[in-house]
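Whatever position you read off the sequence shown (first residue = 1), add 2 for the working numbering.
Glycine included, C-beta positions come from ideal geometry on N, C-alpha and C.
A short worksheet on the structure shown next.
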Amino acid sequence: MLIVGNLKMYMNYNAVKELIDNFDEDVVLCPSALFIPYFLNHKYKVGVQDISMYDLGSHTGEISAKQAKEMGVNYAIVGHSERRKYNKETDEEINKKVIKGLEEGLNVILCIGENKGEDKEEVITKQLLNDLKNVTNFDNLIIAYEPIWCIGTGITPTNEQIETTISFIETKIQENFKKHVKVLYGGSVDKDNINVLKKVNNLSGFLIGKASTDYRQLKDIVASLRD
Ligand code: PEP
Numbered sequence: 003m004l005i006v007g008n009l010k011m012y013m014n015y016n017a018v019k020e021l022i023d024n025f026d027e028d029v030v031l032c033p034s035a036l037f038i039p040y041f042l043n044h045k046y047k048v049g050v051q052d053i054s055m056y057d058l059g060s061h062t063g064e065i066s067a068k069q070a071k072e073m074g075v076n077y078a079i080v081g082h083s084e085r086r087k088y089n090k091e092t093d094e095e096i097n098k099k100v101i102k103g104l105e106e107g108l109n110v111i112l113c114i115g116e117n118k119g120e121d122k123e124e125v126i127t128k129q130l131l132n133d134l135k136n137v138t139n140f141d142n143l144i145i146a147y148e149p150i151w152c153i154g155t156g157i158t159p160t161n162e163q164i165e166t167t168i169s170f171i172e173t174k175i176q177e178n179f180k181k182h183v184k185v186l187y188g189g190s191v192d193k194d195n196i197n198v199l200k201k202v203n204n205l206s207g208f209l210i211g212k213a214s215t216d217y218r219q220l221k222d223i224v225a226s227l228r229d
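This is the structure we're talking about:
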């Protein structure tokens, strides 16, 4: 099971130091870019929370897939719902980021998922077809199914709902790209619900936000999944 922590912009330097001093489990952590060298120095598997759709150039504030790879980063989250919403990222841009990340040899974690009231199948189909346009090599691609109504809300879908959605994603990928893909679940995963969520059949792992910033809780989650 792949466990990925999206630390977002939750942690200041002291919190990062505390995590590094106390946590050495085999997970992928995606901290704020500023802190990445600390994590790399301590031999963590590290991911960036976003990558640029460009290579090197005049793009203030951006990090390219090439730079990430050069520094020893091996994972990139792309298309997170917060970036889709607050940074107004379009599927066209996300598609370019996915392609750049894969070209540079990063493991790309593409986040998809519907909001409350939206037609789940319609949203997911549109995201998959647009975000993966012209993608041919799926070896390093990971899909994170993250229903927006579950992110940071303390609500999770039922295991049956997650299973059905993952099957739907797998079918769409098979139909349109003739490939297999690994799917993670993300949205309010914590130490209390992990024992239930880990029973979802067709899951390859979890993308964990808030709970991953608390190393004690993350240790509990890892222990439960290694059981
Ligand atoms: C996320 O935003 O990717 C996420 C999974 O957040 P949380 O676990 O805090 O709901």
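Endpoints, the beta strand (DSSP E) within which residue i is located
i: Val185; result: 184 to 188
i: Ile5; result: 4 to 8
i: Lys47; result: 47 to 50
Buried/exposed call for residue i, threshold 16 Cβ in 10 Å
i: Lys99; result: buried
i: Val191; result: buried
i: Arg218; result: exposed
i: Asn8; result: buried
i: Gln176; result: exposed
i: Asn24; result: exposed
i: Ser60; result: exposed
i: Val18; result: buried
i: Glu84; result: buried
i: Met3; result: exposed
i: Ser66; result: buried
i: Leu112; result: buried
i: Ser251; result: Nothing about residue 251 can be reported from this structure: the residues present for the chain run from 3 to 229 only.
Endpoints, the alpha helix (DSSP H) within which residue i is located
i: Val30; result: Val30 -> not in any alpha helix (DSSP H); beta strand (DSSP E) instead, spanning 30 to 32.
i: Leu21; result: 15 to 24
i: Ile164; result: 161 to 179
i: Tyr12; result: Careful: Tyr12 lies outside any alpha helix (DSSP H) and carries neither H nor E.
i: Leu36; result: That residue, Leu36, is in no alpha helix (DSSP H); it is neither H nor E in DSSP.
Going residue by residue through the segment 59 to 146, where are the continuous alpha helix (DSSP H) segments of at least 4 residues, counting only ones entirely within it?
Qualifying alpha helix (DSSP H) stretches, in chain order: 67 to 72, 83 to 88, 93 to 105, 122 to 133.
Using 8 Å as the cut-off, can you tell me whether the segment 166 to 182 makes contact with the segment 133 to 145, which would need three or more C-beta pairs spanning the two stretches below that distance?
A contact between stretches requires three or more CB pairs, one per stretch, nearer than 8 Å, and the segment 166 to 182 meets this requirement with the segment 133 to 145.
Minimum length 4: unbroken alpha helix (DSSP H) runs contained in the segment 184 to 223:
Listed in chain order, the complete alpha helix (DSSP H) runs (minimum 4 residues) inside the segment 184 to 223 are 196 to 199.
Count the C-beta pairs between the segment 127 to 137 and the segment 151 to 162 that are closer than 8 Å, then say yes if the count reaches three, no if not.
With the rule of 3 Cβ pairs closer than 8 Å, the segment 127 to 137 does not count as touching the segment 151 to 162.
Is it a yes or a no for the segment 67 to 84 touching the segment 45 to 56, going by three-plus beta-carbon pairs under 8 Å?
The answer is yes - the segment 45 to 56 touches the segment 67 to 84, with three or more Cβ pairs under 8 Å.
Three or more C-beta pairs closer than 8 Å, one from the segment 91 to 106 and one from the segment 115 to 126: is that the case here?
Contact fails: fewer than three Cβ-Cβ distances are below 8 Å.
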